[in-house]
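The block underneath contains the structure these notes are about, expressed in structure tokens.
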Amino acid sequence: MELPLLKEVVIILGLSVLIILLFQRLKMPSTLGFLITGMVAGPNALGFISASHQVETLSEIGVIFLLFIIGIEFSIKGLAKVKQTVFLGGTLQVAGTILLTAIIAFTLGLSLQQAVFMGFLISLSSTAIVLKILQEQGQMTTPHGRIIMAILIF
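This note's numbering numbers the first residue of the sequence shown as 71 and each following residue consecutively.
Encoded structure:
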């Protein structure tokens, strides 16, 4: 009996360990290494990992755990200290990302409606990645880390 999901999980974890070691040595964020590993090992390159529904489900569970851990480090009092900066910064970040992405997507041939929709998707997708980088660098509790975290959650 073959267990394809187990095989893919072992490959993902094995490659991840190698990438973490390499990227720590190069003093680069591991998040970038994981993205490169996914591109190389995925179905569009070497094909070690198929884009199976089970792997996607596991990745969603991983994001849930990441956000939960970040939530443990989150302070409501810290957020209250920076609420004006967060409201203004969050509004500008979301609006700016939507606008810039929509302009680029429209220029590349998408309809205006599709371009704006893509802008919304991009404006919401960076949160987990940036929060992971802040966590890796130990900057979650710094003043700028709290502001960035609050803006992204906004």
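Note that the Cβ used here is the ideal one computed from N, Cα and C, for glycine as well.
Cβ shell of residue i (< 6 Å), same chain only, five flanking positions each side left out
{"i": "Val133", "result": "Ala198"}
Beta-carbon contacts of residue i that lie in its chain and below 7 Å, excluding the five residues immediately before and after
{"i": "Leu116", "result": "Val110"}
Under 9 Å between C-beta atoms of residue i and residue j
{"i": "Ala220", "j": "Val164", "result": "no"}
{"i": "Glu206", "j": "Thr101", "result": "yes"}
{"i": "Leu191", "j": "Leu222", "result": "no"}
{"i": "Ser122", "j": "Pro74", "result": "yes"}
{"i": "Glu143", "j": "Met210", "result": "yes"}
Other residues of its chain near residue i: CB distance less than 8 Å, five sequence neighbours each side excluded
{"i": "Ile119", "result": "Glu78, Ile81, Ile82, Gly108, Ala111, Gly112, Pro113, Val125"}
{"i": "Leu154", "result": "Looking at the sequence itself, residue 154 is Gln, so the reference to Leu does not match. Nothing listed; no residue qualifies."}
When you compare the region 133 to 148 with the region 167 to 176, are there three or more beta-carbon pairs, one atom per stretch, that lie closer than 8 Å? At 8 Å Cβ cutoff, the stretches do not touch.
Go through the region 87 to 146 residue by residue and report every complete run of the beta strand (DSSP E) that reaches 3 residues or more, in order. Those beta strand (DSSP E) runs which fall completely within the region 87 to 146 and span 3+ residues do not exist here.
Stretch pair the region 86 to 94 + the region 176 to 187: three plus CB contacts closer than 8 Å: Cβ pair count under 8 Å is below three, so no.
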